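Asker: My questions will all concern the structure given below.
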């Protein structure tokens, strides 16, 4: 009953706001960032089974269905502009479905929908919305920064209270929760998911105009990253902080003052208890690096079993168990290779790489290129896209921003080139070349010089 009410609410919102779809787009991002997958039953009332999707999944499906009914042209235009890309992604989804529908792995189809199908549909929806009107990239940037900042605030409160505070019953079902040793996740599904969200959002701070807001967000994200204790994430955020200041608009002395101020804040953070967890993980990573080496070695010894097809979504967890690992293969490319086949996995992640590479490095939005690169790199450092979390929506949202910005850049170049080819309009009064076929127009000749009156 609760699920039916939620689906009905999503459909009603999609119909009522069909001319204001950006409100729903922002809501989708907010739902994924502020409600973890383990907290989905609070909204939908379904905690398992083939309908146990994230609440945002139902909203995306509703918005997409309404768009197909009321404005199919924008969808067709987005598909036509990147037909080959969506054809490849369709092949990946079909391969994943065929591999998963025959497996006994519980929740495989739910992960397929939440992490592959819905993020790709959302990506298509964003491209179609961008074709209707401009200004979508700043809207998405603002939404990401807002919701990631809220998640960081929750993480800070969790660190202070030494308690999860929200969705405790859902987090309690996760195998890692009891041994997380002081790592917090805000409102996302894992500490590393929060680290990913911070990593892709931090470079976007460079696009904000207000320096005080920039500094406040960067400090909050640095603190949030330290609370996650993700070593790769901390490095990424450190690079993003410097890049956000350098790429931001403003005078050099203002940037120097901001860098000096953030350096002082960093020194204060280093001397605070926030750094204790990171220091402990640097001294002892609990076998994390060794586990990744074992995962790669175990996969390479059996890669030829998964060239054309996999065992279905979730099979990689069983393979990791047989390899003696406590969690997973810790890399979505390896995990997807086992789950849906090496060819499909390479096509999926290769498509992401091509999107970023073809969009160029001058997109007109400070920090967006770095955000796109981090959206490719950071997910490969943990299970990310192979587990239920906000990773899929975050990655494909950033990729959509990169693609839209690239399209806008190419359109600006085309308009500038077209303007440069417009011939100079001659003064209609000025005489043109005289010929027998084109006699001099009356009154258009040179004015005779004045002469003094006789006498």
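Residue numbers (our numbering): 12 to 466.
A virtual CB, placed ideally from N, CA and C, is assigned to each residue, including glycine.
All values derive from a computational prediction rather than experimental measurement.
Starting from residue 247, trace the alpha helix (DSSP H) both ways and give me its first and last residue.
Answerer: Looking at the DSSP string, the run of the alpha helix (DSSP H) that includes residue 247 is 242-258.
Asker: For residue 102, which residues of its own chain have a beta-carbon under 8 Å away from its beta-carbon, when the five flanking residues on both sides are left out?
Answerer: 355, 358.
Asker: CB-CB under 6 Å to residue 395, same chain, minus the five flanking residues each way: which ones, in chain order?
Answerer: So the qualifying residues of the chain are 343, 402.
Asker: Measuring CB to CB, does residue 48 end up less than 8 Å from residue 399?
Answerer: Yes.
Asker: What's the gap between the Cα of residue 520 and the Cα of residue 38?
Answerer: This structure gives no information on residue 520, because the portion of the chain shown stretches from 12 to 466.
Asker: Report the CB separation of residue 132 from residue 75 in whole angstroms; it is logged as a contact under 8 Å.
Answerer: The pair is a contact, with the Cβ atoms about 5 Å apart (cut-off 8 Å).
Asker: Smallest Cα separation from residue 424: which of 373, 165, 51, 169?
Answerer: Nearest of 373, 165, 51, 169 to residue 424, Cα basis: 373.
Asker: Can you name, in chain order, every residue of its own chain whose Cβ lies under 8 Å from the Cβ of residue 165, other than the five neighbours on each side?
Answerer: Counting only Cβ-Cβ distances below 8 Å, and skipping sequence neighbours, we find 176, 177, 197, 198.
Asker: Can you confirm whether the stretch 209-227 touches the stretch 144-155 when touching is taken to mean that 3 or more C-beta pairs between the two stretches lie within less than 8 Å?
Answerer: Flag = yes, the stretch 144-155 and the stretch 209-227 touch.
Asker: At which residues does the alpha helix (DSSP H) containing residue 391 begin and terminate?
Answerer: Taken as a continuous stretch (DSSP letters only), residue 391 belongs to no alpha helix (DSSP H), as it is neither H nor E.
Asker: Got a sec? Which residues, its chain only, sit under 8 Å from residue 317 by beta carbon, not counting five neighbours each side?
Answerer: Cβ within range, chain order: 348, 349, 352, 353.
Asker: Using 8 Å for Cβ pairs, my map puts residue 408 next to residue 40. What's the rounded Cβ distance?
Answerer: Their Cβ separation, rounded to whole angstroms, is 6 Å, which keeps residue 408 and residue 40 in contact under 8 Å.
Asker: Please report the distance separating the alpha-carbon of residue 381 from that of residue 368.
Answerer: Each residue's Cα considered, the two are about 12 Å apart.
Asker: Report yes or no: do the stretch 85-103 and the stretch 50-60 share at least 3 C-beta pairs separated by less than 8 Å?
Answerer: Short answer: they don't touch.
Asker: I'd like the ranges of any alpha helix (DSSP H) spanning at least 4 consecutive residues and lying wholly in the stretch 349-420.
Answerer: If we require 4 residues or more, the alpha helix (DSSP H) runs fully inside the stretch 349-420 come out as 353-370, 379-388.
Asker: Taking the straight line between their C-alpha atoms, what separation do you get for residue 415 and residue 387?
Answerer: The alpha-carbon atoms of residue 415 and residue 387 are separated by roughly 17 Å.
Asker: Taking the alpha-carbon positions, what's the residue 290 to residue 277 distance?
Answerer: Between residue 290 and residue 277, the C-alpha separation is close to 15 Å.
Asker: Would you report the Cα separation of residue 125 and residue 279, rounded to the nearest angstrom?
Answerer: Residue 125 and residue 279: Cα-Cα distance of roughly 40 Å.
Asker: Would residue 207 and residue 390 qualify as a contact pair, given that the criterion is a beta-carbon distance under 8 Å?
Answerer: In contact: residue 207 and residue 390 (Cβ atoms closer than 8 Å).
Asker: Where in the stretch 121-149 do unbroken runs of the alpha helix (DSSP H), each at least 4 residues long, occur, reported from the N-terminal end onward?
Answerer: Segments of the alpha helix (DSSP H) lying fully in the stretch 121-149: 129-143.
Asker: Report the rounded CA-to-CA distance for residue 18 versus residue 69, giving the unit in angstroms.
Answerer: About 6 Å.
Asker: Between the alpha carbons of residue 80 and residue 412, how many angstroms are there, rounded?
Answerer: Their backbone Cα atoms lie some 25 Å apart in a straight line.
Asker: Would a C-beta distance cut-off of 8 Å place residue 217 and residue 247 closer than the cut-off?
Answerer: No.
Asker: Any idea what DSSP makes of residue 441, helix, strand or coil?
Answerer: Here the model assigns residue 441 a pLDDT of 49, short of 50, so the residue's position is not dependable, and the following value carries that caveat. In the structure shown, residue 441 sits in coil (DSSP, three-state: anything other than H, G, I, E or B).
Asker: When you compare each of 94, 229, 305 to residue 259 by their alpha carbons, which one comes out closest?
Answerer: Nearest option by C-alpha distance: 229.
Asker: When burial is assigned at 16 or more other CB atoms within 10 Å of the CB, is residue 471 buried or exposed?
Answerer: One cannot answer for residue 471 here, as it falls past the ends of the chain, which runs 12 to 466.
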